[in-house]
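Using the numbering used here, you'd call the opening residue of the sequence shown number 18 and step up by one each time. Glycine residues also receive a C-beta, built at the ideal position from the N, C-alpha and C atoms. Being a predicted model, the structure only gives us computed values, none of them experimental.
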Amino acid sequence: MQEFLQACAAAIGAQYVLTSPADMASYLADRRGRFTGAALAVVRPGSAEETAAIVALCHQFRVPLVPQGGNTGLVLGSVPDTSGTAIVLSLMRLNRIRAIDTINHTMTVEAGCILQHIQQAAAEAGLLFPLALAAQGSCTIGGNLATNAGGTGVLRYGNTRELCLGLEIITAQGTLISNLRGLRKDNTGYDLRHLFIGAEGTLGVISAAVLKLFPQPKAQVTALVAVATPEAALQLLGQAQQACDASLTAFELISDYCLQLVERHFPALHSPFQTRYPYLVLLEISDNESTEHANGLLEQVIGAALDQGLAADAAIASSIAQSAALWALREHISDAQAREGKNIKHDISMPISSIPEFMRDTDALLQQHFPGCAMVTFGHLGDGNLHYNVSPSADLPGDALLDSQPQINRIVYDSVDRFGGSISAEHGLGALKREEIRRYKPAAELQLMATIKQALDPLNLMNPGKVL
Ligand code: FAD
């Protein structure tokens with residue numbers, strides 16, 4: 018492999034081919050500390066052409082490669098296995114914003130651009146790039162596209178797939194194919210872009226993309242509403258959609274236990290209410306008229322919900338700082354959970370109408386088999402997407418529960434399946450759910466996926482062991 022590594026160094030500069038264990042360490046470890054892989058090298062090209070040259074060398078020397086952006090993925094998709102035969106292809110140096118077209122409402126970015134930098138560049142141009150998620154300070158747009166990331170704006174703007182008008186990709190053979198024209202209409206055969214979005218790096222490398230931009234809303238108002246049940250939350254969702262239509266840009270569910278975890282681990286953050294309520298809904302309205310208009314809409318929705326007894330209490334943010342404080346409660350749940358200790362995570366989706374019954378049934382099944390386990394339930398209710406996590410508790414401490422992860426996953430995923438849902442709403446399959454999905458996806462569909470993989474990457478060099 019010395020010859021291969023020398024050829025990589027000649028193509029992009031020896032300083033960008035890392036081989037020492039210390040230099041490679043952070044690229045090989047899963048962010049949540051569950052797994053550490055091994056690699057031949059970490060290779061860091063600085064342009065699409067250099068990336069194509071490295072992929073071509075991988076093809077020539079039959080070296081597998083694992084594309085990596087910010088390494089914030091949650092399903093072990095961006096780290097190599099322990100064989101030490103693959104390279105990690107870090108895209109972080111492809112970090113240029115190539116163009117912003119304020120008339121076409123598009124931005125052309127390289128794959129290694131950090132999501133937050135893209136949001137900032139759009140704002141500086143007076144426009145909005147609406148993809149937003151808690152990892153936005155370190156994840157890359159290439160990773161967002163490769164996992165078809167969701168986040169908090171899906172209700173109004175869709176997943177990353179809906180925000181992309183074109184891709185520049187590198188095939189498994191190292192051919193650079195560019196379609197960065199930013200067309201909103203182009204019916205000229207198969208739309209190949211959609212194969213690479215959500216493929217988790219198993220079909221090719223994304224080196225650049227054209228993203229859709231939107232007008233900046235004139236006003237954004239946020240409220241936290243207390244409700245007694247998930248049914249009440251869903252009824253509130255229906256009424257808010259009816260009143261606000263596309264202006265409703267976020268609708269997040271937070272269980273009281275999640276809030277307690279945030280308050281315990283981040284004492285500066287706390288509920289605005291004196292009383293504890295079983296569930297809270299964080300909702301946001303983005304308005305193209307004015308703050309007064311947005312507040313009027315919000316007060317109308319919340320006033321009606323309070324009058325009907327659907328909502329038990331409500332806090333409307335009256336400043337940007339107050340709005341940030343409400344969002345902080347939602348955004349700190351994952352970190353609070355991590356500080357509490359290990360837990361078993363499920364990122365699931367289903368038809369929104371099924372969520373209350375799913376929660377009732379599955380909570381009961383879990384209590385029956387694992388009495389005392391704690392449920393950390395929160396998520397993007399407006400998208401039918403829950404983070405449905407099972408945690409140790411004083412009644413059922415750590416190891417006993419964590420050792421039972423396979424049984425717990427089975428209970429939750431079988432239940433998701435019964436309700437017509439998906440076992441991975443946002444995070445993908447990676448290596449973590451690759452086996453699990455075989456139980457739930459129809460065999461013919463899996464076979465078709467394998468056929469596509471075989472056609473595009475017959476040597477199985479692109480992120481092997483992930484997804485399929
Ligand atoms: P990585 O983790 O580096 O890679 C992810 C996958 O994409 C891997 O399979 C990798 O091989 C592949 N890949 C990366 N770059 C490329 C490329 N250029 N070409 C081809 N393949 C590539 N996800 C959501 O959908 N919604 C959320 O709300 C959300 N919240 C999160 C909150 C936190 C705190 C964290 C840690 C993660 C969250 N995620 C969420 C997970 C999410 O998938 C990632 O944060 C993000 O989309 C991945 O980007 P990344 O650059 O870190 O990709």
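Item to check | Residues sharing a beta bridge with Tyr-405, DSSP | outcome: Within the sequence shown, numbered from 1, the residue matching residue 405 stands at position 388. Beta-bridge pairing links Tyr-405 to Thr-394.
Checklist entry - Leaving out the 5 sequence neighbours to the left and right, which residues in its chain are closer than 6 Å to Gly-168 when beta-carbon positions are compared? => result One-based indexing of the sequence shown puts residue 168 at position 151. Hits under 6 Å: Leu-148, Ala-149, Leu-150.
Item to check | Buried versus exposed, by CB contacts within 10 Å (16 or more), Ile-337 | outcome: Locating residue 337 in the sequence shown gives position 320, where the first residue counts as 1. So Ile-337 ends up on the exposed side.
Next on the checklist: To the nearest angstrom, how far is the alpha carbon of His-211 from that of Ile-223?
Outcome noted: Taking the sequence shown and counting its residues from 1, one reaches residue 211 at position 194. Taking the sequence shown and counting its residues from 1, one reaches residue 223 at position 206. For His-211 and Ile-223, the distance between alpha carbons rounds to 12 Å.
Next on the checklist: Whether or not the stretch 382–390 and the stretch 243–258 are in contact is what I'm after, with contact meaning three or more pairs of Cβ atoms, one per stretch, closer than 8 Å; do they touch?
Outcome noted: no
Checklist entry - Would Glu-66 pass as a contact of Leu-197 if the rule is Cβ separation under 8 Å? => result Your numbering for residue 66 matches position 49 in the sequence shown. Your numbering for residue 197 matches position 180 in the sequence shown. The answer is no: Cβ separation not under 8 Å.
Checklist entry - How would you write the range of the alpha helix (DSSP H) that Ala-42 sits in, first residue to last? => result Along the sequence shown, read from residue 1 onward, the residue named residue 42 stands at position 25. Residues 38–45.
Next on the checklist: Quick check on Gln-317: does DSSP put it in helix, strand or coil?
Outcome noted: Residue 317 sits at position 300 when you count from the first residue of the sequence shown. Note: Gln-317 maps to helix in three-state DSSP.
Next on the checklist: I'd like the span of the alpha helix (DSSP H) that includes Cys-261, first residue to last.
Outcome noted: As a position in the sequence shown, residue 261 is number 244, starting the count at 1. Unbroken alpha helix (DSSP H) run through Cys-261: 247–261.
Checklist entry - Near Leu-276, which residues of its chain fall below 6 Å by C-beta distance, leaving aside the five closest residues on each side in sequence? => result Within the sequence shown, numbered from 1, the residue matching residue 276 stands at position 259. Cβ within range, chain order: Ser-288.
Next on the checklist: Going by C-alpha to C-alpha distance, which of Leu-230, Gln-291, Ala-311 sits closest to Ala-257?
Outcome noted: Here residue 257 refers to the residue found at position 240 of the sequence shown. Ranking Leu-230, Gln-291, Ala-311 by Cα distance to Ala-257 puts Ala-311 first.
Next on the checklist: To test your reading of the DSSP string, which unbroken alpha helix (DSSP H) runs of 4 or more residues are found completely within the stretch 324–374?
Outcome noted: 337–348, 350–357
Checklist entry - CA-CA distance, Phe-231 and Leu-180? => result Within the sequence shown, residue 231 is the residue found at index 214, counting from 1. Within the sequence shown, residue 180 is the residue found at index 163, counting from 1. Between Phe-231 and Leu-180, the C-alpha separation is close to 10 Å.
Checklist entry - Just reading off the beta strand (DSSP E) that Asp-304 is part of, what are its end residues? => result In the sequence shown, the residue the question calls residue 304 occupies position 287. Element bounds for Asp-304: 296–304.
Next on the checklist: If I measure Cβ to Cβ from Ser-95 and keep anything under 6 Å in the same chain, skipping five residues before and after, which residues do I get?
Outcome noted: Taking the sequence shown and counting its residues from 1, one reaches residue 95 at position 78. Once the five neighbours on either side are set aside, the close Cβ partners of Ser-95 are Gln-85, Asn-88.
Next on the checklist: If you follow the beta strand (DSSP E) that Thr-123 is in, where does it begin and where does it stop?
Outcome noted: Position 106 of the sequence shown, counted from the start, is the residue given in the question as residue 123. Taken as a continuous stretch (DSSP letters only), the beta strand (DSSP E) holding Thr-123 covers 123–127.
Next on the checklist: Under 8 Å: do the stretch 70–79 and the stretch 470–482 share three or more Cβ pairs, one atom per stretch?
Outcome noted: yes
Next on the checklist: What does the alpha-carbon distance come out to for the pair Ile-454 and Asp-262?
Outcome noted: On the sequence shown, position 437 is the one that residue 454 refers to. On the sequence shown, position 245 is the one that residue 262 refers to. Taking the straight line joining both Cα atoms gives about 35 Å.
Next on the checklist: Using a Cβ-based criterion (distance less than 7 Å to any ligand heavy atom), does Ile-372 qualify as near the ligand FAD?
Outcome noted: For this step, residue 372 is matched to residue 355 along the sequence shown. No, Cβ of Ile-372 sits at least 7 Å from all heavy atoms of the ligand FAD.
Next on the checklist: Distance check for Lys-229 and Arg-173, CA to CA, integer angstroms please.
Outcome noted: Taking the first residue of the sequence shown as 1, we reach residue 173 at position 156. Taking the first residue of the sequence shown as 1, we reach residue 229 at position 212. Spanning the two alpha carbons is a distance of roughly 13 Å.
Item to check | Contact check, Leu-184 vs Cys-156, beta carbons under 8 Å | outcome: Taking the first residue of the sequence shown as position 1, residue 184 is located at position 167. Taking the first residue of the sequence shown as position 1, residue 156 is located at position 139. Cβ distance not < 8 Å, so Leu-184 and Cys-156 don't count as in contact.
Next on the checklist: At a threshold of 7 Å, does Asn-508 count as lining the ligand FAD (C-beta to nearest heavy atom)?
Outcome noted: Residue 508 lies beyond the stretch modelled for the chain, which goes from 18 to 485, so this question has no answer here.
Checklist entry - Of the residues Gly-415, Arg-347, Asp-474, Leu-403, which one's Cα is nearest the Cα of Ile-360? => result Within the sequence shown, numbered from 1, the residue matching residue 360 stands at position 343. A small fix is needed here, since residue 360 is Asn in this sequence, not Ile. Cα-wise, what sits closest to Asn-360 is Gly-415.
Checklist entry - Is Ile-302 near Leu-265, with beta carbons less than 8 Å apart? => result Within the sequence shown, the letter at position 285 stands for residue 302. Within the sequence shown, the letter at position 248 stands for residue 265. Yes, the pair counts as a contact, with Cβ atoms nearer than the cut-off.
Item to check | Spatial neighbours of Ile-186 in its chain, beta-carbon cut-off 7 Å, leaving aside the 5 residues before and after | outcome: As a position in the sequence shown, residue 186 is number 169, starting the count at 1. Here the set comprises Ile-194, Phe-213, Gly-221, Val-222, Ile-223, Ser-224.
Checklist entry - How about Val-80 and Leu-106: are their beta carbons less than 8 Å apart? => result The residue given as residue 80 occupies position 63 in the sequence shown. The residue given as residue 106 occupies position 89 in the sequence shown. No, the pair does not count as a contact, with Cβ atoms beyond the cut-off.
Item to check | Euclidean distance between Cα positions of Val-163 and Ile-469 | outcome: As a first step, residue 163 is located in the sequence shown; it is residue number 146 there, counting from the start. As a first step, residue 469 is located in the sequence shown; it is residue number 452 there, counting from the start. The sequence shown places Ala at residue 163, not Val. If I take the Cα positions, the gap works out to 16 Å.
Next on the checklist: So Ile-117 and Ala-140 are supposed to be a Cβ contact under 8 Å. How far apart are they, rounded?
Outcome noted: Counted from its first residue, the sequence shown places residue 117 at position 100. Counted from its first residue, the sequence shown places residue 140 at position 123. Their Cβ separation, rounded to whole angstroms, is 11 Å, which puts Ile-117 and Ala-140 out of contact at 8 Å.
Checklist entry - What distance in whole Å lies between the Cβ atoms of Tyr-405 and Tyr-430, which are believed to be in contact at a cut-off of 8 Å? => result Locating residue 430 in the sequence shown gives position 413, where the first residue counts as 1. Locating residue 405 in the sequence shown gives position 388, where the first residue counts as 1. Tyr-430 to Tyr-405, Cβ: 10 Å. No contact.
Checklist entry - By the 10 Å Cβ neighbour count, where 16 or more other Cβ atoms means buried, how is Ser-441 classified, buried or exposed? => result The count along the sequence shown starts at 1 and reaches residue 441 at position 424. It counts as buried.
Item to check | Lys-470 (DSSP reduced to helix, strand or coil) | outcome: To locate residue 470, count along the sequence shown from 1; it is residue 453. Here Lys-470 sits in helix by DSSP.
Next on the checklist: Given the structure, does Phe-443 come close to the ligand FAD, in the sense that its CB is under 7 Å from one of the ligand's heavy atoms?
Outcome noted: On the sequence shown, position 426 is the one that residue 443 refers to. The question names Phe, but residue 443 in the sequence shown is Glu. Yes, Cβ of Glu-443 sits closer than 7 Å to a heavy atom of the ligand FAD.
Item to check | Which listed residue (Gly-129, Gln-190, Gln-137, Phe-395) has its alpha carbon closest to that of Met-109 | outcome: Counting from one through the sequence shown, the residue named residue 109 turns up at place 92. It is Gly-129.
Next on the checklist: Counting C-beta neighbours from all protein chains within 10 Å, is the total for Pro-368 16 or more, i.e. buried, or is it exposed?
Outcome noted: What you label residue 368 is simply residue 351 of the sequence shown in a count that begins at 1. Burial call: exposed.
Item to check | Those residues which DSSP pairs with Cys-181 across a bridge | outcome: Start at 1 with the first residue of the sequence shown, and residue 181 comes out as number 164. DSSP, once it has assigned bridges, lists Leu-228 as partnering Cys-181.
Checklist entry - Would His-444 be called buried (16 or more neighbouring beta carbons within 10 Å of its own) or exposed? => result Your numbering for residue 444 matches position 427 in the sequence shown. Its Cβ being crowded by 16 or more others within 10 Å, His-444 is buried.
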